[in-house]
Structure formats: structure tokens, C-alpha cells
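Colleague:
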Amino acid sequence: MIDSKFSLTQLNQEGYTGPVKLLTSEEAADGRKEFFKTIKQTEQNAGPTSVKPGGFNLKYKWAHEISINEKILDYVELALGSNIILWATVFWYKEPHNTKYIPWHQDASYWPMEPRINLTAWIALGKTFSANGCLRLIPGSHKTWLDDDYQKLDEASSFSRGLDSEQVNESNAVDIEMEPGEVVFFSEATLHGSNANTSNIPRLGYSLRFTTPEVKFNKSALEEQGLGYLARTILVRGVDDYHFNDSLNQYPDFSEM
19 MIDSKFSLTQ
29 LNQEGYTGPV
39 KLLTSEEAAD
49 GRKEFFKTIK
59 QTEQNAGPTS
69 VKPGGFNLKY
79 KWAHEISINE
89 KILDYVELAL
99 GSNIILWATV
109 FWYKEPHNTK
119 YIPWHQDASY
129 WPMEPRINLT
139 AWIALGKTFS
149 ANGCLRLIPG
159 SHKTWLDDDY
169 QKLDEASSFS
179 RGLDSEQVNE
189 SNAVDIEMEP
199 GEVVFFSEAT
209 LHGSNANTSN
219 IPRLGYSLRF
229 TTPEVKFNKS
239 ALEEQGLGYL
249 ARTILVRGVD
259 DYHFNDSLNQ
269 YPDFSEM
């Protein structure tokens, strides 16, 4: 049964929908535990890490299993159809009192993909709220591309380029406060970002990026950005009649890891 908090009408009109509770509290807690174990920390003593946040699903079975959770894929199918490609996963981690902010941006502005089709499932593995830098979205912002407005940002920004707050009507922004196991879905064009973590509680989100088989990625352009691993696409549901990308035609083999 589809949760009433998921609305295709809202997704089409506002660029996002949810959050929807799709992982149990225990599943979210297991994910947190495994993440902190992977970065050689504990949730109780969370601190900065130099571990790159992307591609965990290609290295760790626990991350891969979250990324192919059938309950999540059921909702993705409603938006994208029955043929689904998982093309990237990223952990969004902010330790307590992390002073960095993520600027306003539209995801596909950074991605060499054609056509621009993407649905992100952003999973809260821990509690996210305003003070620890929760995800923020601007409803309806997905209707206009702002690629040409990007500029170089200050050192407090996690991204070197994006949109300055003065370029965006922040009065329309929505703070997506979430409980562990909740998932919000948004499009490739929805303006989003987040503030610094001013609290004592780490913020941990896991974003899954889904597309459809007819989308082509420019792998060399991704590699130039240090993002070559993103082109390792995985067919997670349905069929791929195009075979455009450097796909893993089966799930990763973790036996050697």
C-alpha cells in the first residue's frame, strides 16, 4: 500500500514528495552503525572524516542492500516506470558543529547526463532537524534551470560552485525534518541545500540516485570531476534495452571484499 505522504501530483508540481517511512527504526540504526564502523568511528564519538562519501554500494554489502530495498524501489517505480537504473549513491554526513553548508543547487547541473532524468531518494539514517543541518528544498523550483547563474562560493561552502543565498527566495524554503528511516523523493532540478550543523548530534543521510535506461552518462566528464565511479550503473528493476553505460549487469560481487 502506498503511503498518502507520497504524491505524484506533489512531485510533479513541487519537485519533491514525502517524507515517507520506508525503513524500520532498526534498519536505520543498523545503517548508522555500519556507516560509522566504515569510517572507523562511533555515533557517540562522531567527528570529521576524510572518507569519500560516494560509491559505498559498490564496496559494502550493507550499503548495497539499503540501495536496493524493495519498498523504496516500489515508490521509485511510480515516478520513473518499471525499468530502473541505480547510478549513484552518496552519504551526506555532518559531524556535530560542522561549519560547512551545502549551497542551493540543482543536482543535474553538475551531471553530464542526457536526457536529465533522475529521482533522488534521500534516506534519513539518523534524526535530521534544522539545528543539525537538515535537507532544505524550495517547492516549485524544478520548473526553471539555473545553470548559467552558478558562481564561485566562499570557503564555508561544501561545493566550490553553486547559487548564493541572495539569488534564491529562501522565504519559500522548506526544512525537511525527518525521523530515522524516513525517505524524501525529489527531482534532478529541485533546488536544495542545507545549513551547517550547529548541534551536538551528527546528521547522516544516504541518497540513492535513480534514472532510466535511455539516459546516457559522459563517463570521461565524470572522471574529470573525480566522479568516475558514478558511471557504474546497476539495473535494479525491469530491463535495459539500451546498454548505454558502463553497467554492472549483475549486483556487485562482495566475496573479495
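Our numbering applies: residue 19 is where the sequence shown begins, and numbers increase by one.
Heads up, the beta-carbon is just placed ideally off N, CA and C, and yes, glycines get one too.
Computed from a predicted structure; not experimentally measured.
Using the C-alpha atoms, what's the distance from V257 back to I120?
Modeller: For the purposes of this step, residue 120 is taken as the residue at position 102 of the sequence shown. For the purposes of this step, residue 257 is taken as the residue at position 239 of the sequence shown. Rounded to whole angstroms, I120 to V257 spans 35 Å at the Cα level.
Colleague: Leaving out five residues on either side along the sequence, give the residues of the same chain with a beta carbon under 6 Å from the beta carbon of P71.
Modeller: On the sequence shown, position 53 is the one that residue 71 refers to. So the list reads V108 and F109, once near-sequence residues are dropped.
Colleague: What residues in its chain sit with their C-beta under 7 Å from that of Q185, if we drop five residues either side in the sequence?
Modeller: The residue you call residue 185 lines up with position 167 of the sequence shown. D167.
Colleague: Is it buried or exposed, Q62, if we count other Cβ atoms within 10 angstroms and call 16 or more buried?
Modeller: The sequence position of residue 62 within the sequence shown is 44, counting from 1. Looking at its Cβ environment, which holds fewer than 16 other Cβ atoms inside 10 Å, Q62 is exposed.
Colleague: Report yes or no: do three or more beta-carbon pairs, one from the stretch 131–151 and one from the stretch 198–209, lie closer than 8 Å?
Modeller: Cβ pair count under 8 Å is three or more, so yes.
Colleague: If we ignore side chains and look at the alpha-carbon of each, how far apart do D21 and Y34 end up?
Modeller: Indexing the sequence shown from 1 puts residue 21 at position 3. Indexing the sequence shown from 1 puts residue 34 at position 16. Cα to Cα, the separation comes out at about 15 Å.
Colleague: Leaving aside the five residues before and after T276 along the sequence, list all residues of the same chain whose C-beta is less than 8 Å from its C-beta, in chain order.
Modeller: This structure does not reach residue 276, given that the chain is present from 19 up to 275, and the question cannot be answered.
Colleague: In the structure shown, what three-state DSSP assignment does D193 receive?
Modeller: Start at 1 with the first residue of the sequence shown, and residue 193 comes out as number 175. Correct three-state label for D193: strand.
Colleague: Just checking: is the beta-carbon of L171 within a distance shorter than 8 Å of some beta-carbon in chain B?
Modeller: Structure shown: chain B not included; a single protein chain is present.
Colleague: Among all the DSSP beta bridges, which residues are the ones paired with F262?
Modeller: Counting from one through the sequence shown, the residue named residue 262 turns up at place 244. Note: F262 sits in no beta bridge, so no partner.
Colleague: What whole-angstrom Cβ distance do T146 and E195 have, given they're in contact under 8 Å?
Modeller: Position 128 of the sequence shown, counting from 1, holds the residue named residue 146. Position 177 of the sequence shown, counting from 1, holds the residue named residue 195. T146 to E195, Cβ: 6 Å. Contact.
Colleague: At 4 residues or longer, what runs of the alpha helix (DSSP H) sit wholly inside the stretch 50–129?
Modeller: If we require 4 residues or more, the alpha helix (DSSP H) runs fully inside the stretch 50–129 come out as 79–85 and 88–98.
Colleague: What do you get for E132, buried or exposed, if any count of 16 or more other CB atoms within 10 angstroms of its CB means buried?
Modeller: As a first step, residue 132 must be located in the sequence shown, where it is residue number 114. With fewer than 16 other Cβ atoms within 10 Å, it is exposed.
Colleague: Helix, strand or coil for S243, going by three-state DSSP, please let me know.
Modeller: Numbered from 1 along the sequence shown, position 225 holds the residue referred to as residue 243. Residue 243 is actually Gln in this sequence, not Ser. Three-state DSSP puts Q243 in coil, outside helix and strand.
Colleague: Ordered along the chain, which non-local residues of its own chain (more than five positions away) have a Cβ less than 7 Å from that of E32?
Modeller: Here residue 32 corresponds to residue number 14 of the sequence shown, with the count starting at 1. Counting only Cβ-Cβ distances below 7 Å, and skipping sequence neighbours, we find P157 and G158.
Colleague: Could you check what DSSP says for A214 in three-state terms: helix, strand or coil?
Modeller: Position 196 of the sequence shown, counting from 1, holds the residue named residue 214. In this structure, A214 counts as coil in the three-state DSSP scheme.
Colleague: Taking C-beta to C-beta, are K55 and P220 nearer than 8 Å?
Modeller: Residue mapping note: residue 55 aligns to position 37 of the sequence shown, counting from 1. Residue mapping note: residue 220 aligns to position 202 of the sequence shown, counting from 1. Against a cut-off of 8 Å, the Cβ pair of P220 and K55 comes out as no contact.
Colleague: In three-state DSSP terms, what is M275?
Modeller: Working through the sequence shown from its first residue, we reach residue 275 at position 257. The predicted position of M275 is uncertain, since its pLDDT is 45 and thus under 50; a value taken from the coordinates is nonetheless stated next. Of the three classes helix, strand and coil, the one that applies to M275 here is coil, per DSSP.
Colleague: Distance check for R179 and Q243, CA to CA, integer angstroms please.
Modeller: To locate residue 243, count along the sequence shown from 1; it is residue 225. To locate residue 179, count along the sequence shown from 1; it is residue 161. The alpha-carbon atoms of Q243 and R179 are separated by roughly 13 Å.
Colleague: According to DSSP, which residues form a beta bridge with A142?
Modeller: Within the sequence shown, the letter at position 124 stands for residue 142. Its beta-bridge partners are G223.
Colleague: Less than 8 Å between C-beta atoms, sequence neighbours within five positions excluded: which residues of the same chain meet that for S148?
Modeller: Residue numbering aside, residue 148 sits at position 130 when the sequence shown is read from its first letter. So the list reads D193, E195 and N213, once near-sequence residues are dropped.
Colleague: Hey, would you say R50 sits closer than 8 Å to L222, going by beta carbons?
Modeller: Within the sequence shown, the letter at position 32 stands for residue 50. Within the sequence shown, the letter at position 204 stands for residue 222. Taking 8 Å as the Cβ cut-off, R50 and L222 qualify as a contacting pair.
Colleague: Taking the CB atoms as reference points, tell me whether S217 and P130 lie closer together than 8 Å.
Modeller: Along the sequence shown, read from residue 1 onward, the residue named residue 217 stands at position 199. Along the sequence shown, read from residue 1 onward, the residue named residue 130 stands at position 112. No; because the gap between Cβ atoms is not below 8 Å, this pair is not in contact.
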